[in-house]
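S.K.:
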Amino acid sequence: MDYTFSEIEKKWQDRWEKEQTFRAGDDRSKPKFYGLVEFPYPSGHGLHVGHPRSYTALDIVARKRRLEGYNVLYPIGWDAFGLPTENFAIKNHIHPKKVTADNIANFKRQLKSIGFSFDWSREINTTDEAYYKWTQWIFLQLFKRGLAYKQEMPINWCTSCKVGLANEEVVNGVCERCGSEVVQKNKSQWMLKITEYAQRLIDDLDGLDFIEKVKIQQKNWIGRSEGAEVDFAIAGTEDHVTVYTTRPDTLFGATYMVLSPEHPFVEKYKDKIANYAEAVAYREEAARKSEFERTELAKDKTGVMLDGLRAINPVNGRELPIWISDYVLMSYGTGAIMAVPAHDERDWEFAKKFGMPIIEVVAGGEDVQAAAYTDTSSGVMVNSGFLDGMQVKDAISAIIDDLEKRGIGHRKVNYKLRDWVFSRQRYWGEPIPLVWCEHCGWVPLPEEQLPLTLPEVDNYEPTDNGESPLAKMTDWVNTTCPKCGAPAKRETDTMPQWAGSSWYFLRYIDPHNSEALADKELLDYWMPVDWYNGGMEHTTLHLLYSRFWYKVLYDCGVVPTPEPYQKRTSHGMILGENNEKMSKSRGNVVNPDDIVASYGADTFRCYEMFIGAFDQATPWSANGVKGCFRFMERVWNLMELLTDEEGYSPELEGTMHKAVKKVSEDIERMKFNTAIATLMSLVNDFNRRGKVTRGELATFLLLLNPTAPHITEEMWERAGFAGLLSAASWPTYDEAKTVDDEIEMVLQINGKVRGKMTVPADISREDAQTAALANEAIVAQTTGKQIAKVIVVPGKLVNIVVK
RNA sequence: GCGGAUAUGGCGGAAUUGGCAGACGCGCUAGAUUUAGGUUCUAGUGGGCAACCCCCGUGCAGGUUCAAGUCCUGUUAUCCGCACCA
Numbered sequence: 001m002d003y004t005f006s007e008i009e010k011k012w013q014d015r016w017e018k019e020q021t022f023r024a025g026d027d028r029s030k031p032k033f034y035g036l037v038e039f040p041y042p043s044g045h046g047l048h049v050g051h052p053r054s055y056t057a058l059d060i061v062a063r064k065r066r067l068e069g070y071n072v073l074y075p076i077g078w079d080a081f082g083l084p085t086e087n088f089a090i091k092n093h094i095h096p097k098k099v100t101a102d103n104i105a106n107f108k109r110q111l112k113s114i115g116f117s118f119d120w121s122r123e124i125n126t127t128d129e130a131y132y133k134w135t136q137w138i139f140l141q142l143f144k145r146g147l148a149y150k151q152e153m154p155i156n157w158c159t160s161c162k163v164g165l166a167n168e169e170v171v172n173g174v175c176e177r178c179g180s181e182v183v184q185k186n187k188s189q190w191m192l193k194i195t196e197y198a199q200r201l202i203d204d205l206d207g208l209d210f211i212e213k214v215k216i217q218q219k220n221w222i223g224r225s226e227g228a229e230v231d232f233a234i235a236g237t238e239d240h241v242t243v244y245t246t247r248p249d250t251l252f253g254a255t256y257m258v259l260s261p262e263h264p265f266v267e268k269y270k271d272k273i274a275n276y277a278e279a280v281a282y283r284e285e286a287a288r289k290s291e292f293e294r295t296e297l298a299k300d301k302t303g304v305m306l307d308g309l310r311a312i313n314p315v316n317g318r319e320l321p322i323w324i325s326d327y328v329l330m331s332y333g334t335g336a337i338m339a340v341p342a343h344d345e346r347d348w349e350f351a352k353k354f355g356m357p358i359i360e361v362v363a364g365g366e367d368v369q370a371a372a373y374t375d376t377s378s379g380v381m382v383n384s385g386f387l388d389g390m391q392v393k394d395a396i397s398a399i400i401d402d403l404e405k406r407g408i409g410h411r412k413v414n415y416k417l418r419d420w421v422f423s424r425q426r427y428w429g430e431p432i433p434l435v436w437c438e439h440c441g442w443v444p445l446p447e448e449q450l451p452l453t454l455p456e457v458d459n460y461e462p463t464d465n466g467e468s469p470l471a472k473m474t475d476w477v478n479t480t481c482p483k484c485g486a487p488a489k490r491e492t493d494t495m496p497q498w499a500g501s502s503w504y505f506l507r508y509i510d511p512h513n514s515e516a517l518a519d520k521e522l523l524d525y526w527m528p529v530d531w532y533n534g535g536m537e538h539t540t541l542h543l544l545y546s547r548f549w550y551k552v553l554y555d556c557g558v559v560p561t562p563e564p565y566q567k568r569t570s571h572g573m574i575l576g577e578n579n580e581k582m583s584k585s586r587g588n589v590v591n592p593d594d595i596v597a598s599y600g601a602d603t604f605r606c607y608e609m610f611i612g613a614f615d616q617a618t619p620w621s622a623n624g625v626k627g628c629f630r631f632m633e634r635v636w637n638l639m640e641l642l643t644d645e646e647g648y649s650p651e652l653e654g655t656m657h658k659a660v661k662k663v664s665e666d667i668e669r670m671k672f673n674t675a676i677a678t679l680m681s682l683v684n685d686f687n688r689r690g691k692v693t694r695g696e697l698a699t700f701l702l703l704l705n706p707t708a709p710h711i712t713e714e715m716w717e718r719a720g721f722a723g724l725l726s727a728a729s730w731p732t733y734d735e736a737k738t739v740d741d742e743i744e745m746v747l748q749i750n751g752k753v754r755g756k757m758t759v760p761a762d763i764s765r766e767d768a769q770t771a772a773l774a775n776e777a778i779v780a781q782t783t784g785k786q787i788a789k790v791i792v793v794p795g796k797l798v799n800i801v802v803k
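Once you know that position 194 of the first sequence is 194 in the numbering used here, the rest is easy, because the numbers rise by one and skip nothing.
Below, the structure is given as structure tokens:
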């Protein structure tokens with residue numbers, strides 16, 4: 001009988017939809033499982049083969065959990081606001097709303113063709129008014145708690161298109177579209193105070209089951225460092241400049257100071273700075289560079305010494321020259337550093353280039369004139385007054401105590417994490433629900449006026465002065481102050497795409513609620529998300545942003561737990577056949593539709609899981625897909641080997657119990673490739689023996705079902721098993737039956753395999769040693785040699801050491 | 001630069017604790033079946049050797065150990081992220 005996968009898959013997909021097989025239930029007495037995957041951005045390119053890697057993995061987990069008796073929530077939706085849609089709309093004169101609807105329809109068709117067990121009744125879309133009403137509501141909570149504020153921030157500005165650009169749209173310092181120069185332009189932007197949550201975002205990671213690299217990456221991104229702020233007096237003034245340093249112990253080694261080119265002192269003391277014009281020119285040059293370029297260590301250090309401005313080292317009264325240089329960033333610390341070239345690589349390079357003195361203050365390294373001595377953990381202080389002779393650790397405490405006593409410095413914890421720039425000068429995003437009133441300042445819209453909808457207009461193209469396209473829509477912009485009733489203007493910037501995706505997992509719980517973002521009791525039942533899988537590239541932005549929002553909602557009493565995701569795992573990228581990232585320009589893109597059409601969804605799902613280690617990048621292979629298709633055919637042909645015996649036959653009993661154990665454990669560890677390998681071996685065993693019993697087939701179909709749901713349902717039905725396979729129970733195994741009575745032990749001489757012997761599994765050390773020494777192969781090779789030692793590893797091997 | 005990872009046959013990968021390196025799949029070779037084969041089945045397949053024995057073999061160089069893909073030291077190469085892409 002032919003394996004007619006397209007008919008079979010259509011049949012079961014229709015059946016599941018009709019019977020609502022995968023709808024999350026209301027039975028709150030059952031244990032719940034909330035599995036989450038990152039909802040897609042519905043781009044015009046359609047589904048990428050990378051999406052199903054994540055979706056199939058958690059689909060397998062979700063299906064297994066249902067078979068294990070859990071009430072499972074496995075939802076999907078659309079993260080539909082965004083730049084590409086807006087740019088496509090502008091270019092082709094189609095409204096972004098229409099573009100979005102078309103793209104979603106296509107994505108939905110594709111996802112359905114793969115047979116994911118999503119609860120489609122909970123589908124959400126971040127661009128729906130009923131959805132973004134609550135995105136706006138959350139923003140208002142942030143605003144009311146003082147976590148949203150306005151600040152001048154630089155944006156990328158294309159001098160020719162006269163439009164703000166995303167970093168991605170800036171390629172080598174020029175505009176991606178027109179090739180013109182891009183400069184940094186200051187604009188007042190809404191900011192969210194994620195830094196206020198920095199410590200909690202670090203601390204609360206401890207209780208979570210996140211893969212270690214995610215935790216490490218988040219911690220490094222937040223970048224907590226302990227150090228001190230120290231005031232350096234400006235010579236000839238009452239003023240001082242404050243620096244942040246993690247190495248206050250090296251204060252005696254400071255030989256100059258460096259300010260960020262944007263540091264306010266450059267303006268403040270422009271009259272004292274003889275070469276002010278040169279400094280301004282340098283600052284303008286720096287403005288053209290991205291932060292990435294500026295901090296690159298490999299590049300040549302540049303800078304300008306401020307002629308006429310000098311600082312005084314508070315510990316020894318020495319006068320220090322003040323420089324500006326672009327490797328010092330205004331956005332970190334205080335925008336000013338003390339330079340200790342002997343013990344900091346960047347300072348050392350700078351000092352070498354500009355002939356600044358290098359003074360050793362920690363002894364124990366090589367010659368500091370030849371290279372900076374930075375890892376000073378075993379060093380001892382020298383040339384440092386009262387610190388001399390101390391260990392670095394003690395010196396840090398001693399110097400800070402001294403500075404604090406004198407009132408010119410104090411301990412300070414800094415975070416690399418910066419506040420979240422929340423404004424976008426774009427049309428296709430959530431409007432920010434605030435009104436500017438001359439009398440009252442920024443006034444939030446009353447909650448009953450939400451959602452503040454995006455005006456439906458024909459012209460959503462960028463303005464030529466850097467304002468959002470909404471700024472041109474005067475009917476919409478001009479309003480009255482909700483507080484005093486005077487004429488007022490709406491905020492015209494919109495929210496970034498991150499907004500809608502920062503809380504979407506909450507909406508799935510109660511997607512149609514018009515009174516709250518979700519019902520409290522339902523939140524109590526379903527939260528936290530039990531298992532969230534997504535890409536590593538989201539670790540430092542989306543994952544951190546959504547943890548931040550969730551914590552704010554927790555502080556507001558809206559959600560029941562301090563953390564949203566109990567478990568976070570991550571999948572590797574699928575590369576093109578040539579081992580490069582898939583992209584249109586490289587011509588190595590694989591379309592999921594083609595695979596489903598040629599081989600079926602089950603083969604596609606199976607291959608996506610068999611392709612390689614789940615957490616690692618792997619190239620696509622057309623031949624690999626064929627291999628999985630052959631596996632499906634061999635599975636299908638098992639029907640011809642089916643006998644009417646119930647249960648497992650004795651010769652395969654151990655194999656069956658081992659397979660159940662292996663597949664069950666492998667799915668939990670996301671070792672999908674080895675789970676499938678086990679199932680392939682099982683089919684080989686059935687074929688080798690020329691039959692499969694009903695009991696064996698039933699177990700096999702259950703184990704394969706999460707991976708290949710259609711073919712297994714069909715075979716389940718044809719074999720006459722009761723009900724839907726999706727409603728059956730996951731098989732169990734007997735640990736005792738996974739252990740063999742007899743095992744093969746390896747015999748080694750000096751660590752090299754020289755023979756094998758079959759012995760009872762529970763053989764004692766002594767018996768194993770005796771049997772090994774009596775073994776023919778061993779006797780032959782040990783005769784005439786002296787046995788120095790015999791090592792027995794029970795159940796594994798005997799190693800005989802001879803001289 | 002900072003941060004995160006990876007390196008095993010011709011290829012994707014396997015090897016939960018240090019204990020038979022190469023499971024499973026692809027590809028390849030030979031044979032069988034088939035009107036045909038880009039179908040299916042059987043056997044073989046890390047390298048060296050005619051062959052058993054044996055020797056070599058997990059990026060590279062050292063080390064620890066009865067035993068190292070796995071642990072330690074050093075080193076090289078590649079990939080991913082870097083805050084307005086999602």
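Just so you know, even glycine gets a beta-carbon here, dropped at the ideal spot from N, CA and C.
Rounded to whole angstroms, what is the Cα-Cα separation between Leu-704 and Asp-685?
M.R.: Taking the straight line from one Cα to the other gives about 15 Å.
S.K.: Quick check: what's the CA-CA separation for Gly-751 versus Val-790?
M.R.: Distance between the alpha carbons of Gly-751 and Val-790: 11 Å.
S.K.: Tell me the residue span of the alpha helix (DSSP H) that contains Pro-709.
M.R.: 709-718 is the span of the alpha helix (DSSP H), which, as asked, contains Pro-709.
S.K.: Count Cβ pairs between the region 590-605 and the region 46-58 that sit closer than 8 Å; are there 3 or more?
M.R.: Because the criterion of three Cβ pairs below 8 Å is met, the region 590-605 and the region 46-58 touch.
S.K.: Taking Ala-228 as the reference, give the member of Asp-239, Thr-246, Glu-238 and Lys-215 with the closest Cα.
M.R.: Of Asp-239, Thr-246, Glu-238 and Lys-215, the residue nearest in Cα terms is Thr-246.
S.K.: For the structure I just gave you, are there three or more beta carbon pairs, one from the region 352-366 and one from the region 280-288, closer than 8 Å?
M.R.: Contact between the region 352-366 and the region 280-288 is absent, because fewer than three Cβ pairs lie under 8 Å.
S.K.: Looking only at its chain, what residues have a beta carbon closer than 6 Å to the beta carbon of Glu-17, apart from the 5 residues adjacent to it on each side?
M.R.: Around Glu-17: no qualifying Cβ.
S.K.: Can you give the Cα-Cα distance for Glu-461 and Arg-490, rounded to whole angstroms?
M.R.: Between Glu-461 and Arg-490, the C-alpha separation is close to 19 Å.
S.K.: Provide the residue span of the beta strand (DSSP E) that contains Lys-416, from first to last.
M.R.: Counting along the chain, Lys-416 falls outside any beta strand (DSSP E), and DSSP gives it neither H nor E.
S.K.: Exposed or buried, Arg-586, counting other C-beta atoms within 10 Å across all chains shown (16 or more means buried)?
M.R.: Classification of Arg-586: exposed, given that the 10 Å Cβ count is below 16.
S.K.: Could you tell me which residues DSSP pairs with Arg-424 in its beta bridges?
M.R.: For Arg-424, which the question treats as bridged, DSSP gives the partners Thr-494.
S.K.: Check for me: the beta strand (DSSP E) holding Phe-232 runs from which residue to which?
M.R.: From DSSP, the beta strand (DSSP E) with Phe-232 extends over 224-234.
S.K.: Return the residue from the list Ala-788, Pro-52, His-263 and Phe-610 that minimises the CA-CA distance to Phe-39.
M.R.: Comparing Cα-Cα distances from Phe-39 to each of Ala-788, Pro-52, His-263 and Phe-610, the minimum goes to Pro-52.
S.K.: With a threshold of 6 Å on Cβ separation, who are the neighbours of Pro-96 within its own chain once the five nearest residues in sequence on each side are excluded?
M.R.: Thr-85, Glu-86, Ala-89 and Trp-428.
S.K.: Any idea which residues DSSP pairs Tyr-648 with across the strands?
M.R.: In DSSP, Tyr-648 forms no bridge with anything.
S.K.: Do you know whose CA, among Arg-754, Glu-7 and Lys-796, lies nearest Ser-764's CA?
M.R.: Among Arg-754, Glu-7 and Lys-796, the Cα nearest to that of Ser-764 belongs to Lys-796.
S.K.: Starting from Trp-531, trace the beta strand (DSSP E) in both directions and tell me its first and last residue.
M.R.: Taken as a continuous stretch (DSSP letters only), the beta strand (DSSP E) holding Trp-531 covers 531-535.
S.K.: Would you kindly work out how many angstroms separate the C-alpha atoms of Asp-475 and Glu-456, rounded to a whole number?
M.R.: Answer to the nearest angstrom: the Cα atoms are 12 Å apart.
S.K.: By how many angstroms is the C-alpha of Gln-425 removed from the C-alpha of Val-183?
M.R.: Roughly 16 Å separates the two Cα atoms.
S.K.: Measure the Cβ-Cβ separation of Ser-117 and Ala-57 and say whether it is below 8 Å.
M.R.: Not in contact: Ser-117 and Ala-57 (Cβ atoms no closer than 8 Å).
S.K.: Just how far apart, CA to CA, sit Pro-496 and Glu-68?
M.R.: The alpha-carbon atoms of Pro-496 and Glu-68 are separated by roughly 40 Å.
S.K.: Rounded to whole angstroms, what is the Cα-Cα separation between Ala-363 and Ile-211?
M.R.: Looking at the two C-alpha atoms, the distance is approximately 40 Å.
S.K.: Nearest to Leu-575 by CA position, among Pro-564, Tyr-565 and Asn-588, is which residue?
M.R.: The candidate whose alpha carbon is nearest that of Leu-575 is Asn-588.
S.K.: Counting only runs that start and end within the region 137-185, where is the alpha helix (DSSP H) found for 4 or more residues in a row?
M.R.: Qualifying alpha helix (DSSP H) stretches: none in this window.
S.K.: Could you check the C-alpha separation between Lys-584 and Glu-577 for me, to the nearest Å?
M.R.: Distance between the alpha carbons of Lys-584 and Glu-577: 13 Å.
S.K.: Considering only the beta carbon of each residue, do Thr-135 and Glu-430 sit closer than 8 Å?
M.R.: Yes, these two residues count as a Cβ contact at 8 Å.
S.K.: Answer yes or no: do Leu-544 and Gln-769 have a C-beta to C-beta separation smaller than 8 Å?
M.R.: Not a contact, by the Cβ cut-off of 8 Å.
S.K.: Hey, quick one: how far does the beta strand (DSSP E) through His-571 stretch, first residue to last?
M.R.: Start and end: 567-571.
S.K.: Would you decide whether Gln-748 is buried or exposed? Buried here means 16 or more other CB atoms lie within 10 Å of its CB.
M.R.: Under this definition Gln-748 is a buried residue.
S.K.: Where does Asn-673 fall in DSSP's three states?
M.R.: Note: Asn-673 maps to helix in three-state DSSP.
S.K.: Is the CB-CB distance between Lys-785 and Lys-756 below 8 Å?
M.R.: No, they are not a contact pair.
S.K.: In three-state terms, what does DSSP make of Pro-446?
M.R.: Correct three-state label for Pro-446: coil.
S.K.: Determine the closest residue to Val-392 out of Gly-385, Met-381 and Asp-401, with distance taken between C-alpha atoms.
M.R.: Per the Cα distances, Met-381.
S.K.: For the region 230-290, which segments carrying the alpha helix (DSSP H) assignment without a break, of at least 4 residues, lie completely within its bounds, in sequence order?
M.R.: DSSP runs (the alpha helix (DSSP H)) wholly in the region 230-290: 264-268 and 276-287.
S.K.: Across the region 364-376 and the region 265-284, are there enough close Cβ pairs to call them in contact, namely three or more that are closer than 8 Å?
M.R.: The region 364-376 vs the region 265-284: no contact.
S.K.: I'd like the ranges of any alpha helix (DSSP H) spanning at least 4 consecutive residues and lying wholly in the region 550-621.
M.R.: Correct list: 592-599 and 601-610.
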